[in-house]
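In my numbering, the protein residues as written are -8 to 441.
Everything below concerns the one structure shown next.
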Amino acid sequence: MKLKVRITNLIDKSIAFGRYCWQGVWRDPSTSMKVRIIKILNLCVRTFLDTDLQKKAAALVYSTLLAIVPAFALLFAIGRGFGLQNILSDEIYRFFPSQSKVIHAAMGFVDSYLSQASQGIFIGVGIVFLLWTLISLLSDIESAFNSLWGIKTGRNLYRKITDYTALCLLVPIMMLCSAGISIFMATTMNSVFGHSFLSPLVNIALDCAPFLLSCLAFTISFLIIPNTHVRPKYAAISGFICGIAFQLLQTLFINGQIYVAKYNAIYGSFSFLPLLLIWLQLSWLILLFGCTLTFSMQNIFHFTYSEESLEVSPAYLRKITLAIAAIIASRFTHNQKPMTLRELSLGYGLPIRLLRRITSTLHSSGIIYYVEVKGEERAVAPSVELATFTVGELLKRVRQEGDQDFIPGFSEKYTAVIATAEKIENAEIREASTILLKDVEVPEAEAIKD
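Laid out in structure tokens, this is it:
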């Protein structure tokens, strides 16, 4: 009997702990290491199962297929300019060993692409198409990263063209320099210290090079692609984890040659295509997962009440909007430095997703503006005259933000409805029009622990 009670209690505790790990932990404001680890693991599982993440990865697969030949064409055009196209080809085969068949097929398309691009009117059209496909791919990656970070504003068109073009030109040069430095160092060390002593070390270093380059590429992606400030240590941790996952994926595809034989029997010469699509889908999932992991480690406690934030009622949202606007106004009135969204979240216990949503509305309503803070995310400050700006004006601007009167004939059909709604709104605004925003009392910010 006692054993049965113990087993029942153990089952109940396990179920309760499972519920806490899956849902309850997001309502726990504690900042202990145990809560942090559970939240990170929870977020990893949720991210992997997120259907929206799968859709983003699928969209990037399509963009990749469109840009793969122009990307290789740009790589080899620059490589031929340096006379190092063979070295570059070897580097690509070494970096993507599981896709050697695809790379070989792409090389044939690249040769045809470059031969046609150097003739007649196709020169200009080819270059424009090449840059457009690459910039579109990078723009899609940035949009996916920004959405995972909850950022609504991306780079402007000028910055996209300049930044992405520079990136497209720098990547092949870096690959060539990396290959050249590896060969130079190996030759120099062998000539100085002897071939027999350093040969195993050189081979180990060359074998580790793809893994190190993968980690570096992931880290740089997580660091510079999102249109916000990302802390290098979190980008590096995610880059290392994604580098391991990517190498495991490569190993899985290389060692799974038995399945290639089955695909050959079904698809014939097109057998590499489904394998390529699967590999691209998983590779983009690794990249997007790493982006979310970087965001979660940098802002893990910002996910508190994340589900409730998505289903917040209009009345409660209006209260939080007033609280955020009052905090920003109060700090400005008392000559305190503007806070970033991260500082506002940690200092005042507000969910980051609601903060981003509300500050975006306040900014588009002309109530606040963004302040560039060196080395940090943008801070927020009031852009209105606080000596006369009332709570009623705040409510009016926030309510009117967004598209209005776009349904044809709506104003004529629903005159009575509109009049009733305006009476209610005007009554609330009149009651609030005597209260200045800067006079709304707000609590002091808590000490921010990094």
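Every residue, glycine too, gets a C-beta built ideally from N, C-alpha and C.
Three-way DSSP call (helix, strand, coil) for residue i in this model
i	result
residue 111	With a pLDDT of 48 at residue 111, under the threshold of 50, the modelled position of that residue is not reliable, and the figure given next carries that caveat. Note: residue 111 maps to coil in three-state DSSP.
residue 341	coil
residue 219	coil
residue 381	strand
residue -1	helix
residue 153	helix
residue 210	helix
residue 269	helix
residue 307	helix
residue 350	helix
residue 405	coil
residue 241	helix
residue 326	coil
residue 436	coil
residue 136	helix
residue 146	coil
residue 61	helix
residue 391	helix
residue 356	coil
residue 413	helix
residue 375	coil
residue 43	helix
residue 141	coil
residue 230	helix
residue 422	helix
residue 396	coil
residue 19	coil
Residue i - partner residues in DSSP beta bridges
i	result
residue 362	370
residue 24	DSSP, once it has assigned bridges, lists no residue as partnering residue 24.
residue 427	381
residue 288	DSSP lists no partner for residue 288.
residue 331	370
CB of residue i within 9 Å of CB of residue j, strictly
i	j	result
residue 380	residue 310	no
residue 431	residue 320	yes
residue 387	residue 416	yes
residue 2	residue 16	no
residue 151	residue 126	yes
residue 35	residue 280	yes
residue 282	residue 343	no
residue 134	residue 155	no
residue 272	residue 225	no
residue 58	residue 275	no
residue 323	residue 378	no
residue 237	residue 211	no
residue 351	residue 391	no
residue 308	residue 345	yes
residue 361	residue 433	no
residue 349	residue 315	yes
residue 394	residue 402	no
residue 244	residue 264	no
residue 229	residue 209	yes
Member of the options whose CA lies at the smallest distance from the CA of residue i
i	options	result
residue 61	363, 10, 18, 128	128
residue 219	322, 425, 364	364
residue 231	3, 146, 207	207
residue 286	313, 221, 336	221
residue 291	336, 277, 143	336
residue 313	384, 18, 264, 226	384
residue 436	10, 331, 361	331
residue 376	370, 269, 55, 359	359
residue 424	397, 382, 26	382
residue 333	43, 398, 141, 0	141
residue 37	13, 399, 55	13
residue 123	408, 138, 54	54
residue 44	26, 137, 303	137
residue 51	242, 269, -7	269
Minimum Cβ-Cβ distance from residue i to chain D less than 9 Å
i	result
residue 403	The displayed structure is made up of one protein chain only, and chain D is not part of it.
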